[in-house]
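Student:
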Amino acid sequence: MDPEAAKTARESLDLAFHMSNILDTGLDRHMLSVLIALCDLGLNPEALAAVVKELGREDSCSPPTPTAPSSAP
Amino acid sequence: MEEEDQQKILDLVKELVHRLLSQNPSSKAPNSNPNHNPNAPDFQNALRYAIRILSSRLTPSIAPDAAAIAESIKRRLATQGKSSQALTFADLFNKFALKTGPGSINNKWAVLYLLKIISEDRKTANNGPNSVALLPNLALNDPDLKNDSRVLHNLTRGDRGWDNGVLLVAKDPENLREIAFKEYVNLVREENEVSEEVLVRDVLYACQGIDGKYVKFDANVDGYALLDTVKVPRATRLIVRKLCELGWLFRKVKGYISESMDRFPAEDVGTVGQAFCAALQDELSEYYKLLAVLEAQAMNPIPLVSETASSGNYLSLRRLSVWFAEPMVKMRLMAVLVDKCRVLRGGAMAGAIHLHAQHGDPLVHEFMRSLLQRVCSPLFEMVRSWVLEGELEDIFAEFFVVGQPVKAESLWREGYRLHAGMLPSFISQSLAQRILRTGKSINFLRVCCDDRGWADTATEAATAAGTTTRRGSLGYGETDALETLVVEAAKRIDKHLLDVMYTRFKFKEHCLAIKQYLLLGQGDFVQYLMDIVGPELSEPANTISSFKLAGLLESAIRSSNAQYDDCDILDRLRVKMMPHGTGDRGWDVFSLEYDARVPLDTVFTESVMGRYLRIFNFLWKLRRVEHVLIGAWKMMKPNCITSRSFTKLQGAVKLQLLSTLRRCQVLWNEMNHFVTNLQYYIMFEVLEVSWSNFSNEMEVAKDLDDLLAAHEQYLHSIVEKSLLGERSQPLYKSLFVLFDLILRFRSHADRLYEGIHELQARTMASSLPSQDKNKSRRQTSDKSSEPGSWISDGRKALTQRAGEFLRNMGQELDAIAKEYTTLLEGFLSQLPVQQHVDLKFLLFRLDFTKFYSQVNPIK
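If you read the protein sequences in the order shown, they are chains E and A. So for the first sequence, the UniProt record's numbering puts the first residue at 1; every next one is plus one. So for the second sequence, the UniProt record's numbering puts the first residue at 1; every next one is plus one.
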């Protein structure tokens, strides 16, 4: 990545982080960057949000028993 | 590239899961150390789960509009009261959105949406930890579901109330809709054996009169219909039937056109019919154009409901019915007209179509107007050529002016007439009469008068009316223009005709001449004629030679003022001997004749001349009677009879003589009075008055018809008033009896005076210087009609003879007188009773002193 692109990326991330703070999403910078990358690759944001939500509640529940075979996207 | 992306995604997801797991504040998992162990079962499970979630939904349920999402976030912030934060967010978003180029985020909306959902989730999670935010489209309010481990897991986690379950329904409408449409399409396909496109094409064929595969002409229902064997829903069947009405109408119209075309060589269809067919053909070609366009459209497949329906050019039955609305109206009109006009032709056809054109709908009105213009153009052309040139080009007998070949003299009266059946209703009767008269005048001028000057008047008329003399300058709807043209042409042609009649053919002069000669207006001529011809006419009719009479006529003309008349007029005057029987005298068969040649014999036809002849006869008789009486008067001159010569007669004889003479004179006086007044009445009250009326009429006559009518009126009044009419027969008869009586009187008077003259002569002879005895002897010789017997008789015999003679004569005179009086009274009594003719002037003259009415009171 050339410095310009890197700069843009960094600034975008900053802005997104600010926005996420305003919205009180509880995401840290690193997480946000991963999520943004996933979004950019075309994944459904709803699905991602669901993942975040579900896995973020792992604290209050035991991990689920593996049932359905996972299908790679 | 795909593989790369997939690997990247997997890595990122692993990373995410790891972070999330390590993020957990109170992680009960044994591997809660930050170093993630990718092989830990928890991690694997979580990973698997994450992947499952991510792959379950592939399309977002909202529109990828970053600005809209930002707006909704801002609104949410604002409604929550965090307006400053909203502003800040707005600012940030603006900056964020501006970031483009390499290194920037492409799916900004995804990011924003993500943030939004995560924040919402956190809120709901914070707000109600008991309410489980269920995964959309996986969680159901059904505790019985066992195949979903997550649900089961939630159940076994404890008693969680499902009552506050927020169910986010999947926004996946396509699936349901699509399923429904697919079902419908299957239904449609089941019901219809034949697809709609095929039907549409068949209907289009039917509308051109051709049987299609499924839509055929059914003679039972007299129309195009779907075959019963084809399985289609009833609605389709109905609509096909309705649309095919157009086909039925088309068939009818086309049938008529081809029929007419076939009949044309047989000269059964006239020009108007042809024009009608041509107009119909034009309309049909417009119709064909429409059908061609529709056929092109019908090639496009009809999209069924499930496919994206573009409103572009496909043709369904319903669309077809909309397209056919206007052609249906027009075709119906044409079919109605075709029905009407099947048996009509010429002007009648134009009239019938015109009646149909009286319609309020502007579409119909416009259509009919253009049709009528075509149809009526041959008619108008015929009118134009007839009115301006007198030409009747009518092979098919369509015009309302009918001509027939007649002789030149009846050209005016019978050569042309109106045929009411062919008169179209938009031409009024008076206009038609004018048209007839104008053309008739032109023909009359051309044929009878040999006149060419009317051609100029025709062009003048055309320019005055604003049209030209070329073809096709008039059309339907311009009835006013036609009327002006006809009126102008009529005015000019009539004037020209009258000019020609008056100046070139000297109509007035001829009329006057007829009056002078045939109606005995030229008194001196008549007098001479009578003087000369009189003795001839006393002979029996078959011994009189007309040549001699002609010669006498000539001399009569020359000796009177008639010699100064135009020689053309005198040429035409002739003697005519009427057909006579054996007992007729010349007086009964003599008449004068006036030869009126073309074109005057239009006015003076045979029948008219016959009437003139009758009047002439009457007037001639009257004149004869007058002549007779004048002759008697000449004889009765009192100077011839001097009473001096009768002094030698006996007193009785003298008295008788005197009384006889007196009676004779009295009778003569009466008769003369009667005849003179009758003559005067006829001459002045009847002839002159009628003539002056006729002259006035001639002045104001505008055309030949007027002239003919005026002349007719003139003759009629003369005939009626001179008691020659039908209803005056009894009067006429009694008049003639009177005339006969007067003639008898004349002969008696002649005899009487002859006798008296003889007596006088004898007395004169006897007073010659010879012996008195001789004289007296001669004086007594009688005055019998035998001239030789008195010489020998003596005076006594003379007296006796004279007395006897006079007595006889007196008796006869008395008889005559009595008869005369009775007849005259009879005649006079009939006069006031006459209803149809006003004879009060005659009565007035005859009975001026009321002598007759006093003697015999007239009841």
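Cβ atoms here follow ideal geometry from the backbone N, Cα and C, with glycine treated the same way.
Per DSSP, A/Pro-540 is paired with what?
Tutor: A/Arg-585
Student: Tell me, please, which residues DSSP counts as bridged to A/Lys-216.
Tutor: A/Ala-225
Student: With DSSP run on the structure shown, which of helix, strand or coil describes A/Val-401?
Tutor: strand
Student: Kindly say whether E/Pro-45, judged by its beta-carbon, lies nearer than 7 Å to any beta-carbon of chain A.
Tutor: yes
Student: Which class does A/Tyr-612 belong to by DSSP, given the choice of helix, strand or coil?
Tutor: helix
Student: List the residues of chain E whose Cβ lies closer than 8 Å to the Cβ of A/Ile-73, in chain order.
Tutor: Leu-23
Student: Using a Cβ-Cβ distance cut-off of 7 Å, determine whether residue 879 of chain A contacts chain E.
Tutor: Chain A is shown only over 1 to 859; residue 879 of chain A falls outside these bounds and no answer can be derived.
Student: To which residues of the same chain is A/Ser-734 closer than 8 Å at the C-beta, ignoring the five residues directly before and after it?
Tutor: Leu-823, Gly-826, Phe-827 and Gln-830
Student: Nearest to E/Cys-39 by alpha carbon, out of A/Leu-115, A/Asn-192, A/Arg-76 and A/Arg-611?
Tutor: A/Leu-115
Student: Along the chain, which unbroken stretches of the alpha helix (DSSP H) at least 4 residues long are found entirely within the stretch 409-488 of chain A?
Tutor: 411-414, 429-447 and 454-465
Student: State the beta-bridge partners of A/Lys-576 as determined by DSSP.
Tutor: A/Ser-591
Student: Apply the 10 Å Cβ neighbour rule to A/Pro-343 and answer buried if 16 or more other Cβ atoms are within range, or exposed otherwise.
Tutor: Note on identity: in this sequence residue 343 of chain A is Val, with Pro being the wrong assignment. Around the beta-carbon of A/Val-343, fewer than 16 other beta-carbon atoms lie within 10 Å, marking it exposed.
Student: Taking all protein chains shown into account, do 16 or more other C-beta atoms lie within 10 angstroms of the C-beta of A/Pro-599, making it buried, or fewer, making it exposed?
Tutor: buried
Student: Would you say A/Val-406 and A/Leu-436 are within 7 Å of each other, going by their C-beta atoms?
Tutor: no
Student: By the three-class DSSP mapping on this structure, what secondary structure does A/Ser-195 have?
Tutor: A/Ser-195 falls in the coil class under three-state DSSP.
Student: Quick one: what does DSSP say A/Ser-545 is sitting in, helix, strand or coil?
Tutor: It is coil, neither helix nor strand.
Student: From which residue to which residue does the alpha helix (DSSP H) around A/Asn-300 run?
Tutor: Unbroken run through A/Asn-300: none, as it is neither H nor E.
Student: Is there a Cβ of chain E sitting closer than 7 Å to that of A/Ala-90, yes or no?
Tutor: no
Student: Comparing C-alpha positions only, which one of A/Ala-219, A/Val-575, A/Pro-233 and A/Lys-330 sits nearest to A/His-365?
Tutor: A/Lys-330
Student: Which chain E residues are close to A/Ser-119, counting only those with a beta carbon under 7 Å from its beta carbon?
Tutor: Leu-23, Asp-24 and Thr-25
Student: State yes or no: is the C-beta of A/Phe-525 within less than 7 Å of the C-beta of A/Ser-555?
Tutor: For A/Phe-525 and A/Ser-555, no; Cβs fall outside 7 Å.
Student: Could you round the C-beta distance between A/Ala-292 and A/Leu-315 to whole angstroms and report it? I think they count as a contact, below 8 Å.
Tutor: At roughly 13 Å, the Cβ-Cβ gap does not stay under 8 Å, so A/Ala-292 and A/Leu-315 are not in contact.
Student: Give me the chain E residues within the contact set of A/Ser-56, using Cβ-Cβ distance strictly less than 8 Å, ordered along the chain.
Tutor: One finds Ala-47 in chain E with Cβ atoms closer than 8 Å to the Cβ of A/Ser-56, taken in chain order.
Student: So which of A/Leu-226, A/Leu-54 and A/Leu-47 has the shortest CA-CA distance to residue 74 of chain E?
Tutor: There is no way to answer for residue 74 of chain E, as the model of chain E reaches only from 1 to 73.
Student: Quick check on DSSP: helix, strand or coil for A/His-359?
Tutor: Here A/His-359 carries a coil assignment [DSSP, helix/strand/coil].
Student: Let me know the secondary structure DSSP gives E/Leu-27 once reduced to three states.
Tutor: coil
Student: Just curious, the alpha helix (DSSP H) that E/Pro-3 is in, first and last residue?
Tutor: Per DSSP, E/Pro-3 is one residue of the alpha helix (DSSP H) stretching across 3-22.
Student: Among A/Phe-684, A/Phe-380 and A/Leu-337, whose alpha-carbon lies nearest the alpha-carbon of A/Met-368?
Tutor: A/Leu-337
Student: Using 7 Å as the limit for Cβ to Cβ distance, is E/Asp-14 near chain A?
Tutor: no
Student: Below 8 Å, how does it come out for the stretch 345-356 of chain A and the stretch 245-256 of chain A: are there three or more Cβ pairs, yes or no?
Tutor: No: fewer than three Cβ pairs fall under 8 Å.
Student: Is A/Arg-597 helix, strand or coil when you go by DSSP?
Tutor: coil
Student: Using a Cβ-Cβ cut-off of 7 Å, state whether A/Asn-106 counts as contacting chain E.
Tutor: yes
Student: Candidates A/Tyr-820, A/Ala-815, A/Thr-849 and A/Ser-853: which alpha carbon is nearest A/Pro-832's?
Tutor: A/Ser-853
Student: Apart from the five residues on each side of it in sequence, which residues of its chain come closer than 6 Å, Cβ to Cβ, to A/Ala-225?
Tutor: Asp-218 and Arg-241
Student: Does any residue of chain E bring its CB to less than 7 Å from the CB of A/Lys-14?
Tutor: no
Student: Within the continuous alpha helix (DSSP H) that includes A/Cys-244, where are the two ends?
Tutor: Where A/Cys-244 is concerned, there is no enclosing alpha helix (DSSP H), given that its DSSP letter is neither H nor E.
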